[in-house]
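Q: Below is one structure. I have some questions about it.
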Amino acid sequence: MSTTPANQIDSVADFRSEVTIPCGYAFPTVYFLDNEMFKRSLTEIPRMDFQVSAGIRNLVGSTEDRQGAALLYFRMVHPWMPFISKKLFYDQLLSPLAPLRAENILLFACMKLAVSSPRDNSPRNSQYLTVKLELFKAEIAGVLTFRALQAWVLMSLYEVGHGIYPAAYISISTSARYASALGVTASRESLSGFPSGWISAEERKRTWWAVRILDCYANLGIRDRPLATKDPKQDDTLPMDDVAWDHGGPEPRSAFTLSTPPSPAMGRFNLLAQAANLLGQVLRHICEHDADREFHAQEAEILERTLIALTNVSREESRTRGMGICGPTTVCHSARVALNFRATASGTESWAIDDIRVAPVAKYEVAEEILKLSRWALSTVQPNTGELSNADEVSPFLLDCMYRTATLYAQLYCEVGDQAYAEASKDAKKALSWLNRRWAAAGEYITLLDAWDASHIY
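Quick note: the sequence shown uses the numbering used here, first residue 19, plus one each step.
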């Protein structure tokens with residue numbers, strides 16, 4: 019179809035006709051133009067009744083459909099990315115007495131999207147396009163709510179997991195700005211005395227950390243770009259233990275902060291937040307090319323030791339809870355690879371031996387640890403189905419470190435010629451091929467590995 023001016027005008031007209039804004043409603047621009055005046059006069063953003071499209075309503079389905087999607091979500095995604103309160107979700111969003119608001123419908127749709135596995139179909143399918151378009155329409159209509167923010171976070175997660183770029187990169191930035199606009203942070207000040215109770219305050223904090231985690235992870239492959247989220251302070255709060263939050267009992271007496279020494283009792287999401295924050299520090303360290311060389315080297319060693327310590331805590335937490343692959347561990351591995359590598363003039367990467375004294379040790383440690391994860395994953399393949407055991411419940415944060423492992427062992431094979439290194443690289447690649455059945459980004463990494471093999475540049 020040609021893109022003549024007339025056609026463009028028709029397309030814009032069609033889009034505008036689909037964005038239904040209630041008569042007489044206008045977002046209070048004073049919220050952004052003079053927030054102090056807003057606080058004195060309005061105190062809160064008026065709720066608008068945004069009309070979602072029939073396509074989204076059909077996608078979300080009936081009450082039974084929403085209940086089924088929720089069961090899948092809390093089994094497949096919630097264990098490793100628990101930022102939506104299970105208690106509040108069932109009490110408020112799935113209750114037959116609760117009105118089915120537009121932002122809740124958007125959240126339902128994104129939850130359903132997050133548990134979908136495209137398999138042979140492109141992740142840029144009609145379901146994805148329908149939901150993404152509805153998010154854009156809600157933004158244009160003036161929807162600025164916490165549930166809409168959570169929908170954007172899930173959209174970002176879907177795009178990261180399936181390698182939909184640059185959309186993923188931009189959606190994360192949208193989530194970060196959305197959180198900023200709503201005042202959703204991890205600071206003590208923003209969470210103290212929260213009127214809706216500690217569970218809601220914890221949910222807001224976890225949502226900010228979910229954005230931070232995605233932001234840092236998405237920058238692993240484009241390390242010289244600034245993050246969309248602000249670096250948290252040492253007294254900013256971390257997520258509490260996941261089990262206690264899910265049960266929704268009495269409010270904990272004390273909160274964990276970034277200055278609290280890590281321990282297995284903190285919970286998996288807490289440790290994942292710490293791992294992502296360390297990754298953010300690594301990315302900042304990499305970008306500071308003008309820093310004093312000795313100071314830069316000392317900072318790198320401190321980061322390396324801190325990552326090793328957090329990895330050990332994460333392993334212990336994983337063993338305690340009976341989990342084979344733990345998100346904090348894989349993010350720590352990715353951070354160590356990023357820390358100990360540097361780009362060369364040829365466009366390849368080499369170990370930063372001159373800058374970091376521990377690099378030769380890290381080279382083998384990281385590769386060996388991630389290879390163990392890859393081979394463990396392969397050992398769970400079910401002989402009757404050919405599927406990985408619990409593959410649907412694996413997070414996409416495993417993919418980057420598996421890709422780096424495959425390239426590391428291929429590089430070692432080129433340097434030493436030991437066939438064991440070639441087999442190790444193949445095993446990491448094979449694990450990615452199995453994970454591609456859940457996360458399409460794994461297939462993108464496999465394409466990159468094929469390109470490395472074809473170029474013979476390691």
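Cβ coordinates follow ideal geometry from the N, Cα and C atoms, glycine included. No experiment lies behind these values; they were computed from the predicted model shown.
#1: Flag this pair as touching only if the segment 100-118 and the segment 178-189 have three or more C-beta atom pairs under 8 Å; answer yes or no.
#2: Report yes if the CB atom of Ala294 is closer than 7 Å to the CB atom of Cys350, and no otherwise.
#3: Spatial neighbours of Ser336 within its chain, please: C-beta separation below 7 Å, excluding the five flanking residues on both sides.
#4: If you follow the alpha helix (DSSP H) that Arg165 is in, where does it begin and where does it stop?
#5: If you reduce the DSSP assignment to three classes, tell me which class Ala363 lands in.
#6: Under three-state DSSP, which class holds Thr148?
#7: Using the Cβ count rule (16 or more neighbours within 10 Å means buried), how would you classify Leu89?
#8: Which residue spans inside the segment 408-435 form an unbroken alpha helix (DSSP H) run of at least 4?
#9: How many Å lie between Ile374 and Ala291 at the Cα?
#10: Would Lys390 be called buried (16 or more neighbouring beta carbons within 10 Å of its own) or exposed?
#11: Could you name the residues that DSSP lists as bridge partners for Thr255?
#12: By DSSP, does Pro346 sit in helix, in strand, or in coil?
#13: Sort Val202, Ala246, Thr163, Val161 by Cα distance to Lys192 and report the nearest one.
#14: What did DSSP end up calling Val331 once you bin it into helix, strand or coil?
#15: Looking at the unbroken alpha helix (DSSP H) that takes in Val48, where does it start and where does it end?
#16: Cα-Cα, which of His303, Arg65, Pro268, Phe313 is closest to Val161?
#17: For Gln85, which of helix, strand or coil comes out of DSSP?
#18: Considering only the beta carbon of each residue, do Leu296 and Ala219 sit closer than 7 Å?
#19: Classify Ala327 as buried or exposed, calling it buried when 16 or more other Cβ atoms lie within 10 Å of its own Cβ.
#20: With DSSP run on the structure shown, which of helix, strand or coil describes Ser281?
#21: Are the beta-carbon atoms belonging to Ala87 and Lys57 less than 7 Å from one another?
#22: Give the range of the alpha helix (DSSP H) segment to which Gly461 is assigned.
#23: Tell me whether Ala461 is buried or exposed, calling it buried when 16 or more other Cβ atoms sit within 10 Å of its Cβ.
#24: Going by C-alpha to C-alpha distance, which of Leu172, Arg206, Arg456 sits closest to Val412?
A: A quick look at the data gives this:
#1: no
#2: no
#3: Cys344, Thr347
#4: 164-179
#5: Unreliable placement is indicated for Ala363, whose pLDDT of 33 sits below 50; the coordinate value is still reported in the next sentence. Looking at Ala363 - three-state DSSP - the assignment turns out to be coil, as it is neither helix nor strand.
#6: helix
#7: exposed
#8: 417-434
#9: Its pLDDT being 41, under 50, Ile374 is placed unreliably in this model, and the value from its coordinates should be taken loosely. Cα to Cα, the separation comes out at about 25 Å.
#10: exposed
#11: Thr275
#12: helix
#13: According to the sequence provided, residue 192 is Thr. The question's Lys does not apply to it. The shortest Cα separation from Thr192 among Val202, Ala246, Thr163, Val161 belongs to Ala246.
#14: helix
#15: 48-51
#16: Arg65
#17: helix
#18: no
#19: exposed
#20: coil
#21: no
#22: 459-473
#23: Note that residue 461 is Gly in the sequence shown, not Ala. So Gly461 ends up on the buried side.
#24: Arg456
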